[in-house]
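Take a look at the structure below.
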Amino acid sequence: MRIERYLRMKELAMHILAFLSSPRRHLLTLSVAIAAMAVPGIAAAQAQFPNRPITLVVPYGPGGETDIFARALSHELGEALGQPIVIVNRAGATGVVGTETVARSKPDGYTLIFGTAATHALNVSAYKSLPYHPLKDFEPVAFVGTVPLILFAHPSMPGNPRDFIAKLKADPKKYFYGSAGLSTSYLGIELFMNVAKVSASQVPYKGTGEAMQGLVGGQVQFMGGSLGA
556 MRIERYLRMK ELAMHILAFL SSPRRHLLTL SVAIAAMAVP GIAAAQAQFP
606 NRPITLVVPY GPGGETDIFA RALSHELGEA LGQPIVIVNR AGATGVVGTE
656 TVARSKPDGY TLIFGTAATH ALNVSAYKSL PYHPLKDFEP VAFVGTVPLI
706 LFAHPSMPGN PRDFIAKLKA DPKKYFYGSA GLSTSYLGIE LFMNVAKVSA
756 SQVPYKGTGE AMQGLVGGQV QFMGGSLGA
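When you line the sequence shown up against the numbering used here, it's residues 556 to 784, in that order.
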């Protein structure tokens, strides 16, 4: 995992608080939380906001990389803002359910979303219509870090890539891969199968955590994910 670093932490942190104080819904990212953490006591600069707990919606189930990022930073971010950060998981439809919840919330800065490329980019192409507009209904604050994609396989599958591909080619209808819906991990697996000229059946799960449980339990033979998974 690589997290973007900023030189002007104080300036960026003040910018973040200004955004949160404005009447908009917000797309909170990993870099935003780090920027706020870098300037202890910054919440004192704006006594009116926040004056109550802030809800941070994670549009995926517990255990995935987005959820891990959010929970790892919620305590420190709450200290920087002077109010607790309440994590709420709203999984479903590749992040659409949770994202819609925030889009329809009161735009007072007290309901944030930990968005991803799927919720605000991939879903635009995947669905004919969305119950939210990724640009008009949200105010992006900062860029998140980058996370490498990893191919995870059940112990019953070969660890060597060449043997792994050969086994898939031998009986493609026999194998299944898990996914958390339309996501970068899903696209990574599809790209891998396209390049390797193999196929397997998709088994969709509500989140990365559930997909990993399916992999460990042998319901699927492989899946894409990150180090957080």
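Note that the Cβ used here is the ideal one computed from N, Cα and C, for glycine as well.
Status (buried if at least 16 other CB within 10 Å, exposed otherwise) for residue i
{"i": "V651", "result": "buried"}
{"i": "K724", "result": "exposed"}
Straight-line gap, residue i to residue j (C-alpha atoms, nearest Å)
{"i": "T584", "j": "E620", "result": "Residue placement at T584 is poorly supported in this model, since its pLDDT is 44, which falls under 50; the coordinates are not used for a value here."}
{"i": "M712", "j": "R626", "result": "33 Å"}
{"i": "F777", "j": "P617", "result": "20 Å"}
{"i": "L685", "j": "G762", "result": "20 Å"}
{"i": "M767", "j": "Y741", "result": "13 Å"}
{"i": "A755", "j": "G769", "result": "15 Å"}
{"i": "L632", "j": "T610", "result": "12 Å"}
{"i": "V775", "j": "Q603", "result": "51 Å"}
{"i": "E765", "j": "N678", "result": "21 Å"}
{"i": "Y732", "j": "V758", "result": "6 Å"}
{"i": "G714", "j": "G780", "result": "16 Å"}
{"i": "G670", "j": "F693", "result": "10 Å"}
{"i": "Y687", "j": "T656", "result": "9 Å"}
{"i": "K661", "j": "P703", "result": "35 Å"}
First and last residue of the uninterrupted alpha helix (DSSP H) at residue i
{"i": "T763", "result": "763-771"}
{"i": "N678", "result": "678-681"}
{"i": "V652", "result": "651-658"}
{"i": "F624", "result": "620-636"}
Backbone secondary structure at residue i - three-state DSSP
{"i": "F747", "result": "helix"}
{"i": "Y732", "result": "strand"}
{"i": "G716", "result": "Position check: residue 716 holds Pro in this sequence, whereas Gly was assumed. Reduced to three states, the DSSP call for P716 is helix."}
{"i": "F669", "result": "strand"}
{"i": "V758", "result": "strand"}
Beta strand (DSSP E) segment containing residue i, residue limits
{"i": "F707", "result": "705-708"}
{"i": "N606", "result": "Premise fails: N606 is in no beta strand (DSSP E) and is neither H nor E."}
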